[in-house]
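Numbering-wise, the sequence shown is residues 121 to 215 according to my numbering.
Even for Gly, the Cβ is constructed at its ideal location relative to N, Cα and C.
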Amino acid sequence: MERCPVCRVILANSTTCRRCGCELASATAAEEMAGVLLRAAMAALVEGNGNRAVHLAGISAGLQYTPLATALVGFAKQWNFATMLPSSMLTHATE
Numbered sequence: 121m122e123r124c125p126v127c128r129v130i131l132a133n134s135t136t137c138r139r140c141g142c143e144l145a146s147a148t149a150a151e152e153m154a155g156v157l158l159r160a161a162m163a164a165l166v167e168g169n170g171n172r173a174v175h176l177a178g179i180s181a182g183l184q185y186t187p188l189a190t191a192l193v194g195f196a197k198q199w200n201f202a203t204m205l206p207s208s209m210l211t212h213a214t215e
């Protein structure tokens, strides 16, 4: 976490904001969990489980917005849609 979620001051490595006194342990834990979930979403996509990837990336984005999480949700949804199409439609679409 680079900034305090309350007063936006740049943070040093601390569990409490030096300006406003906000306790940061819960927010830091949520940020770390978002990273764990995002990595799990990427692994699920690599394994071919697009539904799980969408689910995990969505939870990650809910805990901490990142452009990567948002992009992964969109990509996994499109990937899921593409895997549901008959192969004949995919062949014609790429020609």
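Taking one C-beta from the region 140–150 and one from the region 162–171 each time, how about it: are there three or more such pairs within less than 8 angstroms? Judged by pairs of C-beta atoms under 8 angstroms, the region 140–150 does not touch the region 162–171, as fewer than three such pairs exist.
Valine 156: which of Cys137, Leu176, Gly168, Asn200 sits nearest, CA to CA? Here residue 156 is taken as the residue at index 36 of the sequence shown, counted from 1. Closest in C-alpha terms to valine 156, from the list Cys137, Leu176, Gly168, Asn200, comes Leu176.
Inter-residue spacing [alpha-carbon to alpha-carbon] between asparagine 171 and arginine 139: Counting from 1 along the sequence shown, the entry for residue 171 is found at position 51. Counting from 1 along the sequence shown, the entry for residue 139 is found at position 19. If you take the alpha carbons of asparagine 171 and arginine 139, they lie about 42 angstroms apart.
Measuring CA to CA, which of Val129, Glu152, Glu143, Thr136 is closest to threonine 186? Working through the sequence shown from its first residue, we reach residue 186 at position 66. Closest in alpha carbon position to threonine 186, among Val129, Glu152, Glu143, Thr136, is Glu152.
Taking Cβ to Cβ, would you say glycine 182 is nearer than 8 angstroms to valine 193? On the sequence shown, position 62 is the one that residue 182 refers to. On the sequence shown, position 73 is the one that residue 193 refers to. No, they are not a contact pair.
Could you pull the DSSP bridge partners for alanine 136 from this structure? Locating residue 136 in the sequence shown gives position 16, where the first residue counts as 1. Residue 136 is actually threonine in this sequence, not alanine. In the DSSP output, where bridge partners are listed per residue, threonine 136 has Glu143.
Rounded to the nearest angstrom, what separates glutamine 198 and glutamate 122 at their Cα positions? Working through the sequence shown from its first residue, we reach residue 198 at position 78. Working through the sequence shown from its first residue, we reach residue 122 at position 2. Roughly 32 angstroms between the two C-alpha positions.
Can you tell me which residues form a DSSP beta bridge with arginine 123? Position 3 of the sequence shown, counting from 1, holds the residue named residue 123. Bridge partners of arginine 123 according to DSSP: Ile130.
Out of Thr135, Gln184, Ala196, Pro125, point me to the one whose CA is closest to glycine 168's CA. Counting from 1 along the sequence shown, the entry for residue 168 is found at position 48. Minimum Cα distance to glycine 168 is reached at Ala196.
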